[in-house]
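Numbering (the UniProt record's numbering), first residue to last: 1 to 393.
C-beta: ideal position from N, C-alpha, C; glycine also.
Presented below is the structure to which this report refers.
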């Protein structure tokens with residue numbers, strides 16, 4: 001009988017506890033100030049300026065209608081909490097998609113930006129870091145909001161979609177916060193972050209994500225444009241489906257200088273980069289194999305889809321890729337002494353003893369880097385149509 005009483009008491013206790021359970025940090029949807037993204041600047045006094053893009057919550061979920069607030073603080077965390085003074089309620093940071101950092105902060109050093117994300121329990125480590133190429137980071141949000149026509153959209157959500165589709169253009173590095181933080185802690189590699197800018201066209205402010213900021217330790221030391229960044233992506237990424245345009249001589253072309261432009265889609269890339277040291281001279285041996293698909297082709301005296309025509313296109317594509325890779329490597333290494341391909345890291349992994357000997361003079365060796373680049377292009381197809389379009393007389 002005593003055992004039965006104890007059993008009933010246990011069942012009753014468990015039943016009551018189930019009715020009392022719930023999320024310890026639960027908050028009603030209409031009480032949330034959902035942060036979509038934020039920008040970081042510094043004012044003339046050295047204080048941080050935090051510009052936050054909020055997404056307005058609705059009963060159905062997060063809407064695509066933005067509003068923006070700016071706060072100041074002696075530190076980044078101070079500015080984060082001072083948003084409460086502007087809005088009256090604490091912001092909800094779990095859905096933050098990205099952080100846009102001003103050139104000034106990126107050139108001073110990214111450690112304060114990284115430290116806040118690591119320590120804040122609400123900020124996730126898969127958010128994107130971006131460097132603004134404008135005078136400030138906040139104007140990316142404000143200029144788009146002020147000059148947008150028609151429906152206003154949450155810019156942070158649109159930029160996130162661009163990151164998800166990065167492999168279709170490959171004109172900026174796809175870098176999450178944790179990728180950048182990990183590379184900062186490694187020897188022999190310089191991290192990169194994507195850059196963002198404003199382009200005006202017919203009165204509209206278009207936000208363009210493209211190019212790369214190059215870092216030495218945690219400080220920006222230089223930039224690559226979109227095509228230079230794409231060339232480096234060809235050597236670092238495996239799954240890229242970016243378009244590529246080449247020009248070939250064509251007597252029937254109505255384009256400039258009798259040259260015809262032909263577009264390809266990248267189907268597959270296989271690349272290998274190997275550092276070679278001989279007599280204290282550093283050589284980067286780069287081998288890249290690309291499979292391409294023809295995407296536009298018009299009538300010509302040259303039958304480009306014949307065996308001879310395909311050879312012409314493959315050679316033109318190989319020459320263009322090789323030239324662009326050479327230019328991008330020269331700018332990063334000889335211009336900025338920036339090891340964006342991680343040659344030092346590869347050397348350290350392959351030959352730790354040699355790396356110890358060369359480490360002190362590595363920057364000088366990067367400035368004098370020589371390259372051996374081999375590009376092999378194969379055209380695998382011509383989309384869904386295997387002929388050029390011809391117009392009848």
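Within its own chain, the residues whose Cβ lies closer than 6 Å to the Cβ of residue 95, once the five positions on either side in sequence are excluded, are 34, listed in chain order. In this structure residue 379 is in contact with residue 314, their Cβ atoms being roughly 6 Å apart against a cut-off of 8 Å.
If the five residues before and after residue 274 are omitted, its C-beta is found closer than 6 Å to the C-beta atoms of 285, all from its own chain and listed in chain order. Per DSSP, residue 133 lies in no beta strand (DSSP E) and is assigned neither H nor E. Of the residues assessed, residue 85 falls on the exposed side of the cut-off, its CB having fewer than 16 other CB atoms within 10 angstroms.
Residue nearest to residue 245 within the set 102, 293, 183 and 213 is 293 (criterion: CA-CA distance). In this structure, residue 138 places its C-beta atom within 8 Å of the C-beta atom of residue 39. One alpha carbon belongs to residue 282, the other to residue 211, and they sit about 26 Å apart.
Looking only at 305, 277, 236 and 52, the smallest Cα-Cα distance to residue 167 is reached by 236.
The alpha carbon of residue 263 has as its nearest neighbour, out of 270, 184 and 320, the alpha carbon of 320. Under the three-state reduction of DSSP output, residue 41 falls in the strand class. Distance between residue 73 and residue 113, taken at the CA atoms: about 14 Å.
The beta carbon of residue 220 sits closer than 6 Å to the beta carbons of 106, 107 and 213 from its chain, once the five residues preceding and following it are set aside; these are given in chain order.
Burial check for residue 336: the Cβ neighbour count within 10 Å reaches 16 or more, so the residue is buried.
By the Cβ test, the stretch 180-191 is in contact with the stretch 326-346, since at least three Cβ pairs between them sit closer than 8 Å. When secondary structure is reduced to three states using DSSP, residue 324 falls in the helix class.
Listed as beta-bridge partners of residue 259 by DSSP are 249. For residue 272, the three-state secondary structure derived from DSSP is strand.
Here residue 287 is not near residue 268, since their CB atoms are 8 Å or more apart.
Leaving aside the five residues that flank residue 136 on each side, the residues in its chain whose CB is nearer than 7 Å to its CB run, in chain order, 41 and 102. Of all alpha-carbon atoms in 175, 208 and 78, the one lying nearest the alpha-carbon of residue 140 is that of 208. In the displayed model, residue 78 falls within a helix according to three-state DSSP.
With respect to the 8 Å criterion, residue 334 and residue 373 are not classified as neighbours on the basis of their beta carbons.
In this structure, residue 65 sits near residue 152, with a CB-CB distance shorter than 8 Å. The continuous alpha helix (DSSP H) containing residue 103 extends over residues 103-108.
For the set 290, 109 and 127, the Cα lying nearest the Cα of residue 216 is the one of 109. Counting other Cβ atoms within 10 Å of its Cβ, residue 230 reaches 16 or more and is therefore classed as buried. DSSP places residue 205 inside the beta strand (DSSP E), whose first and last residues are 204-216. Assignment of residue 94 by DSSP, reduced to helix, strand and coil, places it in the coil class.
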